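This report refers to the structure that appears directly beneath it.
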Amino acid sequence: MTKADIVNEISKDTGIEKVTVQKAIEAFMETIKGSLVKGKNVYLRGFGSFIVKERAEKTARNISKNTTIIIPKHFIPAFKPSKSFVTKVKNNVK
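Counted from 1, the sequence shown has number 10 at position 10 by UniProt numbering; the numbering is strictly sequential.
Structure representation (structure tokens):
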């Protein structure tokens, strides 16, 4: 499902114009991104959490040059679904 599909579904279900729905979805995504960039997690009860995960420093190999490199500690965005969300997907997807 794409962002356009989501806009169409919400517009159809609520009767709100597609342009308004699209602006709301864009604002929602920008708010989530902005919060994660600042290091703040976003919790949506019944849906899940958008969190910032810390990846530890590690040693890796560059196999083309046969050298080892150090990958520094860094942060990545992640999504953790709520238990009710996971249960719904488990029971309904075949």
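For every residue, glycine included, the Cβ atom is placed at its ideal position computed from N, Cα and C. As the structure is a computational prediction, the values presented were derived from the model and not from experiment.
Exposed unless 16 or more other CB atoms sit within 10 angstroms - verdict on residue i
i     : result
Val7  : buried
Val21 : buried
Through-space distance from residue j to residue i, alpha-carbon basis
i     : j     : result
Ile25 : Asp13 : 15 angstroms
Asn92 : Lys38 : 36 angstroms
Lys53 : Met1  : 26 angstroms
Phe75 : Ala56 : 9 angstroms
Met29 : Ser35 : 10 angstroms
Glu9  : Ile71 : 42 angstroms
Lys40 : Lys90 : 29 angstroms
Ser84 : Asn66 : 47 angstroms
Lys73 : Gly15 : 47 angstroms
Lys33 : Gly48 : 15 angstroms
Best match in the options for proximity to residue i [C-alpha to C-alpha]
i     : options                    : result
Lys18 : Ala78, Lys80, Asp5         : Asp5
Arg45 : Thr31, Lys80, Ala27, Thr68 : Lys80
Ser82 : Glu9, Ile10, Tyr43, Thr20  : Tyr43
Segment limits, beta strand (DSSP E) that includes residue i
i     : result
Glu17 : It is not in any beta strand (DSSP E) - Glu17 carries neither H nor E in the DSSP assignment.
Val42 : 42-44
Residues sharing a beta bridge with residue i, DSSP
i     : result
Thr2  : Answer is none; Thr2 lacks a bridge partner.
Ala78 : Ile51
Lys58 : Ile71
Bounding residues of the alpha helix (DSSP H) (the contiguous stretch that carries residue i)
i     : result
Lys90 : 83-92
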